[in-house]
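Step one of this worksheet: look at the structure below.
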Amino acid sequence: MREVVSYNKDFLSNTVFIETKLKDERGIKGKVLVELFDSKTNKKVKEAYTENIIPDLFFKDMFIRHFAGGIMGIGPRESDYYNNNFECIYLTDSTKPESANTERISGNITGYAYRNTEYSGTDPLRGTINKAESKMELANGKIRVTFVFDFPTHAANGKFESIYWGCDMQYKDYHYIGPYIWGRNNYGDGYENINCNLNPNRFWALTYGLLGNGFYTRGFNFTDYYKGYTIVDGSDSSIYRSSYISFPQELIGHLFYIPFDFNRNEFVDFSKAVKLLNSSGGAFGASNITEVMPIYDANGDIDYFIGIFIRYSSPNYYMRIYKWSKVGVLIHDSGEMNITTKYKDEYNTNFNYQNYSLNPLYWGDGYIEIYGFNSRTDTQYNETVYTNRLLRVDLNGNIISELNLKPKIGSSTWFASKRMNSGNIERRCYLKNLTWRTRNRIYLYYNGIQGGSSFYQAITPDGNILEPVRNNFGIYENYFNRYNILGTDKNIAFYSYYSSPSYNIALNHLALNGPCGAHTKLAQPVEKTDANTMKIQYTFEIDLIDYAFDYY
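If you're matching positions, the sequence shown starts at 296 in the working numbering and goes up one per residue.
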């Protein structure tokens, strides 16, 4: 480790603030100089200097991509995503310290600029790359690459304390597809290819079990990076009459559980299938269930199954909850309940159901989550007021606890820009959906109404804010589906593309928030106004490699 001095200078007050940091001696060094000038006299009025951190994640990502994509030959685009982490610089008000584990851009964005695209417009945030002053040079046994960015008087006004490198602005809120973790074919030159003639067992498993997407299945989840379970509707003739396999006679007509393992030749293991029975011991109808989830014990064996059925019959939503033993015997049936009227609020208004999650049962919290809202009219202002709710219920639908899902604003400046604040936000949006649920994170989507705007928000299960607002939540590439590894906050991108007679498939790491390429925190915040122009010089420096005599 080495000591690095960061400083902020104010030439008008003749003051200097100095901060000493410890930085790793190894690796790529990033040096940042921020200069503010009086727009009329062109005299320098402020200056700030510091060094950056490039997260370890970036190097691990490159290493795995090189071996999985480049050497092992999985897929054609092994480098796209980490290259994109250096498309733009972002100036934010984040006070988060630099860390080797920094993974994402934080804070309100006060300015940004593209690394390779000049700009001369009137965007109040956007600056421009100065290509004439940007350069690459060799000096003292080092390679130095310097990017120079200019911000005119109208751009990037406000305070910033952190400077990040990140992806293209339009993709900033999308998920980040990490390196491949599974999918090499036998020839080492592309995705795993599942041909219906050469791999009929795998082809059947993909078509009807792993890619059924609710048409042939009533549940599909990963429990590890390469394995999980699927709930298959064995009453569908396409499944049991398929020519790809000899379908087990005892499963015909049944809704059944079956585990999958991508390291297994056939993907699924019929010897471990469990039929789910109705109260008479016959086949449980797949049309009467929305989702089934196995709950495992501490040893990883099935403890029991839980099922939920949601149906809509205008103007009401109905819910029914089932429980089966580990061998598929039905041991609990809540009976159908009208949740539109069951979950009325203190104003006696009906509940507007939006979504549910069985996941908390999986990790032992002992309840099902129901998401929705109640609404009433404020006659004084002739506006609708929305009370957004998370109901945690038992297997009979009785409320165990409740969480008010009034959107949190926190330190975000986005809401004020949309004329939304803590006083009116329950009139400007309502809970539209539970977008994603992981062990410690709940991702919600609020729909703008009555002059409000739509947005996504992330909170903890206790309701504490994690991310006040983002504009997008999803994967911007085709042929990828997102899956959570149950019981964790880890996620997988499952790539699948069908072109007769084959599927191409692969599994990738997936980050819900894209990692930054680099992060530097200034010794103190810098404030720019419309009386200033600003120049930022960002230099990357690395020792030349001596291939004749190099120690790493």
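Using N, Cα and C, we set each Cβ at its ideal position, and we do this for glycine too.
Closest by C-alpha distance to L700, when choosing among N728, Y407 and W709:
N728
Find out if the Cβ-Cβ distance for the pair I323, F775 is shorter than 7 Å.
no
Between the beta-carbon of M829 and the beta-carbon of L331, is there less than 7 Å?
yes
For L550 and A578, believed in contact at Cβ under 8 Å, the rounded distance:
7 Å
Considering N767, what are the terminal residues of the alpha helix (DSSP H) in which it resides?
Unbroken run through N767: none, as it is neither H nor E.
What do you get for G504, buried or exposed, if any count of 16 or more other CB atoms within 10 angstroms of its CB means buried?
buried
Using only the alpha-carbon positions, how far apart do T824 and K341 sit?
12 Å
When DSSP labels each residue in this structure, what does G507 get in the three-state scheme?
coil
Which same chain residues, not among the five before or five after I837, have their C-beta less than 8 Å away from its C-beta?
G322, I323, K324, K437 and I438
Y798 bridges to which residues according to DSSP?
I489 and Y793
Specify the secondary structure class of V311 as computed by DSSP and reduced to three states.
strand
Return the chain-ordered list of same chain residues with a C-beta closer than 8 Å to the C-beta of I313, the five sequence neighbours on each side being excluded.
V300, S301, Y302 and A818
Rounded Cβ spacing between L571 and W499 (contact assumed at less than 8 Å)
That pair is no contact at about 20 Å.
Simplified DSSP state of G623, which is helix, strand or coil
coil
Endpoints, the alpha helix (DSSP H) within which T636 is located
I634 to K637
Would DSSP call N379 helix, strand or coil?
helix
How is the alpha helix (DSSP H) around I837 delimited, first residue to last?
Per DSSP, I837 belongs to no alpha helix (DSSP H); it is in the beta strand (DSSP E), N827 to D838.
For D305, name the three-state secondary structure that DSSP assigns.
strand
Whole angstroms is fine: what's the gap from L690's alpha carbon to N716's?
37 Å
A395 and F444: beta carbons closer than 7 Å?
no
Hey, N766 and Y469: beta-carbon distance below 7 Å or not?
no
Mapping the DSSP letters down to three states, classify Q745 as helix, strand or coil.
coil
Presumed contact (8 Å Cβ cut-off) between M632 and Y613, rounded CB distance
7 Å
Check K355 in the structure and name its three-state DSSP category.
helix
Taking the alpha helix (DSSP H) that I656 falls in, what are its first and last residues?
The amino acid occupying residue 656 in the given sequence is Leu; Ile does not appear at that position. Residues N654 to Y657.
Residue interval of the alpha helix (DSSP H) (run including P419):
Where P419 is concerned, there is no enclosing alpha helix (DSSP H), given that its DSSP letter is neither H nor E.
For S706 and G630, I'd like the C-alpha separation in whole angstroms.
45 Å
Secondary structure of Y842, DSSP reduced to three states
coil
Contact check, N490 vs S791, beta carbons under 7 Å:
no
Distance, N403 Cα to T708 Cα
7 Å
If I540 sits next to P495, beta carbons under 8 Å apart, how far is it from one beta carbon to the other, in whole angstroms?
6 Å
Do the CB positions of Y520 and I476 come within less than 7 Å of each other?
yes
Helix or strand or just coil, what does DSSP make of Y540?
Rather than Tyr, the amino acid found at residue 540 in this sequence is Ile. Coil.
L506 to I800 span [Cα, whole Å]
11 Å
Pairwise C-alpha distance: L625 and I663:
18 Å
What's the gap between the Cα of A788 and the Cα of G478?
12 Å
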